[in-house]
Amino acid sequence: MIPLNSLLFAIAVVMVQLANSNLAVADLNLRSLHGGGEKLKFWCKWNPSWCIQCPKVTPIDDFDLDKYIEKSWYVQKQQVNPYQAENELYCVTATYSRQNDSDLIVVNNYANDGAVNGPTIGTGTQSIFSNLCAKQKEVGTGNLAVAPCFFDKLRLFDLVAGPYWVVSIDEKNYSWAIVSGGQPKVVKQEDPTLCTTKEGNSFLDTNGSGLWLFTREPQADPETISMMENKLTELGFYTGDLKNVSQAGCTYNGANLKA
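All the letters of the sequence shown, read from the start, carry residue numbers -21 to -1, 1 to 238 under mature numbering (1 follows the signal peptide of the UniProt record, and there is no 0).
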């Protein structure tokens, strides 16, 4: 039996997803209705995203999911998002494991609040990070989606899950990876056009937000991080909002890391 509070939460998330779909339709309608002249200039000034096409980004092909999840990842840089504030960017890790023989991947995110080795957020706590699962939407690609695991039991996973795209990776050794919360749609720079994912801090902004630089080592060399940032720029991402994640001195107590 699904607890009542979980059911109410599920209904709320579905309503948010429907609202986001309606906003997307409204966005397209505005572009059509305000097709030129001074009206178009007004709408473009108010929201450049309606008038400037962000570079199209796609998940990578030839992606080995089992190789990707065989070891833990350490976050070197990331954008702040609705479920992780800047004061929680300490000792951030991501560990993935298959749930028995199903197509679900259990997501264990870990971080410290306020300082290195500060209060734990994530694995083993009742936080927003707990009980998340991922599914590969297209076999052989870096196109995944993430949602609370119980949505799979409600058969609502595909409806509410947010995009998790591996957009670049060390193809040989899987020693680093770049993950985006979907197609970047927020215009941050023109000529050349560079965009990023959602930047809001409300519940409505959860899906479609997030940008992460992953490495297998807790402390990556500066050259690797610079290379990943250059990769992002080549793909059309704006990197100016990436925040450093502190990994030096982390003990990762309770993180359940996979070496």
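Where is the CB? At the ideal position from N, CA and C, for every residue including glycine.
Lysine 35 sits exposed, since fewer than 16 C-beta atoms from the chains shown fall within 10 Å of its C-beta. Distance from the CA atom of lysine 177 to the CA atom of glutamine 115, rounded to whole angstroms, is 22 Å.
Annotation: threonine 99 to leucine 236 spans about 14 Å, alpha carbon to alpha carbon. Nearest to threonine 203 by alpha-carbon distance, out of Asp149, Pro163 and Gly160, is Asp149. For tyrosine 62, there is no enclosing alpha helix (DSSP H), as DSSP marks it with neither H nor E. For isoleucine 157, the pairing in a beta bridge is given by DSSP as Ser147 and Leu192.
For threonine 176, there is no enclosing beta strand (DSSP E), as DSSP marks it with neither H nor E. Each of Ile157, Arg134 and Tyr69 was checked against the Cα of glycine 101, and the nearest Cα belongs to Tyr69.
Pairing glycine 179 with glycine 160 gives a Cβ-Cβ distance that is not under 9 Å.
Under the 8 Å Cβ criterion, the stretch 49 to 66 counts as touching the stretch 190 to 197, having at least three qualifying pairs. Going by C-alpha positions, valine 166 is about 6 Å away from leucine 173. The straight-line gap separating the alpha-carbon atoms of aspartate 131 and aspartate 170 is approximately 43 Å.
For glycine 93, the closest C-alpha among the options Gly141, Ser76, Asn66 and Asn122 is that of Asn66. When the Cα atoms are used, glutamine 226 and valine 95 turn out to be separated by approximately 7 Å.
At least 9 Å separates the beta-carbon of tryptophan 144 from that of glycine 119. Annotation: the stretch 21 to 53 contains the following complete segments of the alpha helix (DSSP H) (minimum length 4 residues), in chain order: 44 to 48. Rounded to the nearest whole angstrom, the C-alpha separation of threonine 37 and valine 146 is 6 Å.
In this structure tryptophan 52 is buried. Its beta-carbon is surrounded by 16 or more other beta-carbon atoms within 10 angstroms.
Rounded to the nearest angstrom, the gap between the Cα atoms of isoleucine 84 and glutamate 196 is 22 Å.
As DSSP reads the structure, phenylalanine 216 sits in a beta bridge with Cys174. Just so you know, the alpha carbons of asparagine 87 and threonine 185 end up roughly 18 Å apart.
In this structure, DSSP gives asparagine 235 a state outside helix and strand, which the three-state scheme calls coil. In the assembly as shown, asparagine 91 is a buried residue. Its beta-carbon has 16 or more other beta-carbons within 10 Å.
Exclusion of the five residues before and after aspartate 40 leaves Thr120 as the residues of its chain whose Cβ lies within less than 6 Å of its Cβ.
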